[in-house]
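Written out below as structure tokens is the structure these notes cover.
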Amino acid sequence: LDETHVLVEVDLPGPPDQVSVDPDQVIPDADPVNNHWKVPINYRPRLLYNFLDETAFTNDYDKWNVIYGPWVYSAPYPEDWFTRASVLGVRGGVYKLEDFRGGIYGGYRPQFGDIAVGFDAHMFHWPLPKWEVGMNGEVSVGEVSVKNDYNPDRFVTWIRYNIEETASLYLPPREYEDAYIAYQHNWMPDPRHPQPGTVTIDPLTTLGLHYRKDTRVPYWDPETGYWVDGNVALGMPLFGESRWSGLAWGQAAWTTAFPDIMAWWTDARLAVRVGGAVGLPKDARLFPLGGNLWFRGFDVFERQGSCLWLASVEVRLPLKRDTDIDFIDRILRLRNVYIAPFYDVGDVYVDGHSLGPVAHAVGIGLRFDVAFFSFLERATVRLDIAQAVGQHTPVQYWFGLQQPF
36 LDETHVLVEV DLPGPPDQVS VDPDQVIPDA DPVNNHWKVP INYRPRLLYN FLDETAFTND
96 YDKWNVIYGP WVYSAPYPED WFTRASVLGV RGGVYKLEDF RGGIYGGYRP QFGDIAVGFD
156 AHMFHWPLPK WEVGMNGEVS VGEVSVKNDY NPDRFVTWIR YNIEETASLY LPPREYEDAY
216 IAYQHNWMPD PRHPQPGTVT IDPLTTLGLH YRKDTRVPYW DPETGYWVDG NVALGMPLFG
276 ESRWSGLAWG QAAWTTAFPD IMAWWTDARL AVRVGGAVGL PKDARLFPLG GNLWFRGFDV
336 FERQGSCLWL ASVEVRLPLK RDTDIDFIDR ILRLRNVYIA PFYDVGDVYV DGHSLGPVAH
396 AVGIGLRFDV AFFSFLERAT VRLDIAQAVG QHTPVQYWFG LQQPF
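For what it's worth, the working numbering labels the leading residue of the sequence shown as 36, then goes sequentially.
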């Protein structure tokens, strides 16, 4: 036809099922999916759908991958808008290498004691190579084990600029900036001890900016480094809420190993963290002091206010190194076990008045350094047990992935 196009006529005995260019994939191609007349799809039913099923190492690179099955999810890190809840349920997902990841799901949320349905979508390298966009939404459809009306309906859409990528398959970039719009209904539970004169912003619709930098290495069990995380958000009077609000919060943490002169302690790590939050209106309940990643001696029902501060110190001591215990034919492998005594201190304020006294908590944690599929990925599985000192509150048990700070 011309210097760049050729017309080829082929006589076939019947209509073709597929037409492919370079079916043996010999020629390097930036977009191998478009080499086919009918888009090829790789269907992947899973016995236990987990975070590793949506990675470059577990999917065909030249096809759309459709993944489905029973699903177990636990958020490996806190998001700046809200931390996604753990879910035990079913999921159907779609994955295309360095292009798209998303799905729909439904299941039980242990944190809220309800059944929820939701979706998520994540577009990589859009609108520019170092950018990405995403969204996530969840709706509670019924209470199961807890009857307290703490069943959040949530939605967020965001755009992110990646400054430094990560080697992890499940963690965010080491340094990034993002902007987001979020909606949360039934997002703040009623406090265990209500304070007269406080108000609740519900629903909370926010427009926010966020920055995070994490230099800690290795990412699954840091020996050294620091991370900083800061967020500001404007709450808008939408969807039935008549009040404006403003929120700002952040944390900074530092981890280091002990000097060589300390003998057995050279394998131990010291981690310290400071954090704080401030919001308007001053009489609003905008931040809980307690939680899995904040003051571990309280749950989210204990103290809530418009301003808080927090500090933590934790020592991670090795109990057993290089255990190399395998499970399910090396699908899981336990590498190291640590014990982590810790101390948290903090307070929260409403309208400038402390809800104190200042809260102190001591606790003990277990850290399990786990390898997935022999060498594919590493993560720390965490169990923390904490008790607030001098408070008539129950012992708190926290389970999650990765170190709390």
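We put the beta carbon where it would ideally sit given N, CA and C, even for glycine.
All figures in this text were calculated on a predicted structure; none of them were measured in a lab.
Alpha carbon to alpha carbon, how far is residue j from residue i? Give it in angstroms, no decimals.
| i | j | result |
| --- | --- | --- |
| V380 | W329 | 10 Å |
| F377 | R189 | 32 Å |
| L282 | I62 | 53 Å |
| L321 | P229 | 14 Å |
| F159 | I198 | 14 Å |
| F154 | G172 | 5 Å |
| V372 | A406 | 12 Å |
| T118 | S55 | 44 Å |
| L269 | N183 | 28 Å |
| D404 | I374 | 11 Å |
| R365 | S180 | 35 Å |
| Q60 | W222 | 50 Å |
| P111 | G326 | 15 Å |
| T233 | P226 | 11 Å |
| I216 | R247 | 18 Å |
| Y432 | I399 | 10 Å |
| E200 | L83 | 28 Å |
| A151 | L352 | 39 Å |
| G265 | Q286 | 7 Å |
| M170 | H157 | 7 Å |
State yes or no: is the C-beta of residue i within less than 8 Å of the C-beta of residue j?
| i | j | result |
| --- | --- | --- |
| P75 | Y103 | no |
| E337 | L204 | no |
| W262 | R278 | no |
| P67 | D97 | yes |
| L436 | L418 | no |
| Q438 | P257 | yes |
| V129 | G137 | yes |
| V424 | H395 | yes |
| R331 | A414 | no |
| I363 | L369 | no |
| V307 | W289 | yes |
What is the residue span of the beta strand (DSSP E) that residue i lies within?
| i | result |
| --- | --- |
| M271 | 260-271 |
| A283 | 280-292 |
| Y246 | 239-249 |
| E212 | 210-220 |
| W99 | 99-108 |
Based on the DSSP output, what are the partners of residue i in its beta bridges?
| i | result |
| --- | --- |
| M158 | F135, V168 |
| H395 | V380 |
| I150 | Y143, G177 |
| Q339 | P323 |
| A423 | A396 |
| T415 | D404 |
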